[in-house]
Structure formats: structure tokens, C-alpha cells
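>
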Amino acid sequence: QVQLVESGGGLVQAGGSLSLSCDASGSSVSINAMGWYRQAPGKQREFVARISNIGSTNYEPSVKGRFTISGDNAKTTVYLQMNSLKPEDSAVYFCYAEWDNGVSHIDWGQGTQVTVSS
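My numbering puts the first residue of the sequence shown at 1, with every later residue one more than the last.
1. Can you check whether the CB of Phe67 is closer than 9 Å to the CB of Ala40?
2. Just mark Glu6 as buried or exposed, buried being the case when its beta carbon has 16 or more other beta carbons within 10 Å.
3. Considering only the alpha carbon of each residue, which of Gln3, Asn83, Glu98 and Ser52 lies closest to Asp72?
4. Looking only at its chain, what residues have a beta carbon closer than 7 Å to the beta carbon of Gln113, apart from the 5 residues adjacent to it on each side?
5. Pick from Ser84, Val12, Asn83 and Leu20: whose alpha carbon is nearest that of Phe94?
6. State the DSSP-derived secondary structure class of Asp134, mapped to helix, strand or coil.
7. What number of angstroms, rounded off, separates the C-alpha of Lys75 from the C-alpha of Glu88?
8. Look at the alpha carbon of Ala97 and the alpha carbon of Ser62, and state the distance between them as a whole number of angstroms.
9. Determine the closest residue to Trp108 out of Ile54, Gly35 and Lys86, with distance taken between C-alpha atoms.
Right, here's the structure in full:
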């Protein structure tokens, strides 16, 4: 199992920037990818961005060009740089990690609140 701890959320005005980070620790498993989902009140959790262990990235269309996902060389920390934030980006952001030991697993962090004021 992988434990994930997010940090970096907060309150920012529209047009501003925030950076999130997520540290993975725990069993010595090989993480295949890490990424971010978000969930706004009354809405389903939605995909935001993903980075694989070879550095390939994917983004939800509404954040592409504004958000950048990156990881460290040890592949145990993932970052999300969020620029040009909009009120609709307000949500709890959850980090996740994909790993397998012959069976695919996904572990989640507890989430960090991002609030963008208009």
C-alpha cells in the first residue's frame, strides 16, 4: 500500500496561482503513475492530470495550458502547478498513485482544499 500526503492548497484570487504537492511513502512498490482528481461540492470527482513513470502526461481539457503536472526523479512526489485559476477550479484536490504487484491498485490521499475567489 502507498500512503499519500498532499499539501499546498489554499485560497487565491481568480487569475492567481497555487502549487500542490503529493508525497508517496510506504511499501516498496513500483509506482506506475501519479496524478490528481478534484471534487467540487455536489459534483462527482473528476480527473485533472496524470503523469506516468516515464514522464508522459495527460490533462483534463479545461486545465490544459493552465496546469502543469510534474514529478521528482525518485517518482515518489508529484506536483501540480496551477496558473490562471478560475472560480470553477475550486474543489478538494486528491492525489492518487497507480501501482501493481500483479494486481492493479490505486491509492488516494486525503485531499487538499483549493478555493478561488472571484
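Think of the CB as a built atom: it goes at the ideal place given N, C-alpha and C, for glycine as much as any other residue.
The answer reads as follows:
1. For Ala40 and Phe67, no; Cβs fall outside 9 Å.
2. buried
3. Ser52
4. The answer, listed in chain order, is Gly9 and Val92.
5. Leu20
6. A question about residue 134 goes unanswered here, because the residues of the chain that appear run from 1 up to 118.
7. 30 Å
8. Ala97 and Ser62: Cα-Cα distance of roughly 22 Å.
9. Taking the Cα of Trp108 as reference, the smallest distance to any Cα among Ile54, Gly35 and Lys86 is reached at Gly35.
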